[in-house]
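Student: Read in order, the letters of the sequence shown correspond to residues 1 to 306 in our numbering. Note that the Cβ used here is the ideal one computed from N, Cα and C, for glycine as well. Structure incoming, see below.
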Amino acid sequence: MLQSSLSPFRSLSPFLWVLFPTLLLAQEESALLKYKFQPGQSLNYLVASQMVATTKVQNAEQDSTNQSSSIKELKIVSVDPQGLSTIESSVKRILIKATLPGGGQLDYDSSQTDPVPLPFRLAAESIGKTTSRITLAPDGRIIKAVALQPDGTPIANPAAGPTPRHDVLPSFPAGPVQRGSTWQETFQVEVPGVDNQSRTVQLARKFQVTSISVTPNNQKLVQIGFVVEPAVPPSEPEIISRLTPFLVTGELTFDTSVGAVVAYQSELNREAVDALGPGTLLRMSGKTLEKLVPPQTPPALLKLEE
1 MLQSSLSPFR
11 SLSPFLWVLF
21 PTLLLAQEES
31 ALLKYKFQPG
41 QSLNYLVASQ
51 MVATTKVQNA
61 EQDSTNQSSS
71 IKELKIVSVD
81 PQGLSTIESS
91 VKRILIKATL
101 PGGGQLDYDS
111 SQTDPVPLPF
121 RLAAESIGKT
131 TSRITLAPDG
141 RIIKAVALQP
151 DGTPIANPAA
161 GPTPRHDVLP
171 SFPAGPVQRG
181 STWQETFQVE
191 VPGVDNQSRT
201 VQLARKFQVT
211 SISVTPNNQK
221 LVQIGFVVEP
231 AVPPSEPEII
241 SRLTPFLVTG
251 ELTFDTSVGA
261 VVAYQSELNR
271 EAVDALGPGT
281 LLRMSGKTLE
291 KLVPPQTPPA
301 LLKLEE
């Protein structure tokens, strides 16, 4: 049984004032959500995350925590006459602090740490490398996508299998939206089953516009709440527990003048009963923040507010 304490489309509007703390916003009736990428453009996002996982087996309970900060870069390689953008993704630098069950701690800075702790080697190998290449329509529809190995070779995916995606590249309706407008997109993820064979599960991300505002600088900002749930609830408790990190609720801010998502925030607070066997409990809670930043911004481990 999977439970969530988060209400879908809950307003996270205080986050807007982190970005625009001194601006008085005027309300607008509608907005057209379209990406406006340019060839050679580079979008850099500071990605900060905190996660706590608690596992309980019988009367024994253990916690593990993970705090990370990275700079993710989206390079706009090309934009064709139809507006289809080819986008390459990479991580420029990452900081990680992990506390393990039992109290041990691991720290990693991709610009300094040597040798690399074993749990972070995959992350270390991908730093500065293109990890995915996506062709995106102006409304956010993924036309083509491929995940890449650190050496640049494509990762083989089964037919109709998972495609690379990014939280700051959601899809949008074809026409204008207004406050209260809703839509959804579906995507696939792979998780290991009880037999360690991978399962492909389809998830649905449901959106709702919570506000449309214009700043004195004529930036039209659209606040969009979202919730992610399985499109069809899986029957295996083990699958449910392994989906838990994806099942988030949050809000993003789209700037129509820039034609891009300028901020994204998600929260996770879920429990999966019997996920690790009869009488077990898996509890996960955490927050993730992505914010558009200047290219030379360094990552920093942030203390996200409770």
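Quick check on DSSP: helix, strand or coil for A160?
Tutor: Confidence at A160 is low in this model, with a pLDDT of 46, below 50, so the placement of that residue should be treated as unreliable; the coordinate-derived value is given next. The answer is coil: DSSP assigns A160 none of H, G, I, E or B.
Student: State the DSSP-derived secondary structure class of E185, mapped to helix, strand or coil.
Tutor: strand
Student: Between which two residues does the beta strand (DSSP E) holding S89 run?
Tutor: 85–99
Student: Is the Cβ-Cβ distance between I94 and S132 less than 9 Å?
Tutor: no
Student: Have a look at P294 and D151 and give me their C-alpha separation to the nearest angstrom.
Tutor: 28 Å
Student: Grab the span of the beta strand (DSSP E) containing L268 for me, first residue to last.
Tutor: Element bounds for L268: 260–273.
Student: Alpha carbon to alpha carbon, what distance is there between S70 and L46?
Tutor: Near 6 Å, if we compare the C-alpha coordinates of S70 and L46.
Student: So, using beta-carbon positions, are L136 and I142 closer together than 9 Å?
Tutor: yes
Student: Give the straight-line distance between the Cα atoms of W183 and T54, rounded to the nearest whole angstrom.
Tutor: 33 Å
Student: Among I212, R199, V222, G128, which has the Cα closest to the Cα of E236?
Tutor: Of the candidates I212, R199, V222, G128, the one whose C-alpha sits nearest the C-alpha of E236 is R199.
Student: Report yes if the CB atom of T253 is closer than 9 Å to the CB atom of Q223, and no otherwise.
Tutor: yes
Student: Report yes if the CB atom of P115 is closer than 9 Å to the CB atom of L106, and no otherwise.
Tutor: no
Student: Which residue comes first and which comes last in the beta strand (DSSP E) that contains E61?
Tutor: Run containing E61: 60–79, per the beta strand (DSSP E) assignment.
Student: Kindly indicate which three-state DSSP category A137 falls into: helix, strand or coil?
Tutor: coil
Student: Could you pull the start and end residues of the beta strand (DSSP E) that A309 belongs to?
Tutor: This structure cannot speak to residue 309, because the chain is shown only from 1 to 306.
Student: Tell me the DSSP secondary structure of E251 in three-state form.
Tutor: strand
Student: Going by the DSSP bridge assignment, what does A145 pair with across the sheet?
Tutor: I134
Student: Distance, Cα to Cα, G286 vs I76?
Tutor: 31 Å
Student: Closest to T130 by CA distance: which of Y264, I155, Y108 is it?
Tutor: I155
Student: Put A124 into one of helix, strand or coil per three-state DSSP.
Tutor: helix
Student: Please state whether DSSP places P119 in a helix, a strand or coil.
Tutor: It is helical.
Student: So, is D167 buried or exposed, given that buried needs 16 or more other C-beta atoms within 10 angstroms?
Tutor: Note on D167: 16 or more other CB atoms within 10 angstroms of its CB, so buried under the neighbour-count rule.
Student: From the DSSP output, in three-state form, read off F246 for me.
Tutor: Three-state DSSP puts F246 in a helix.
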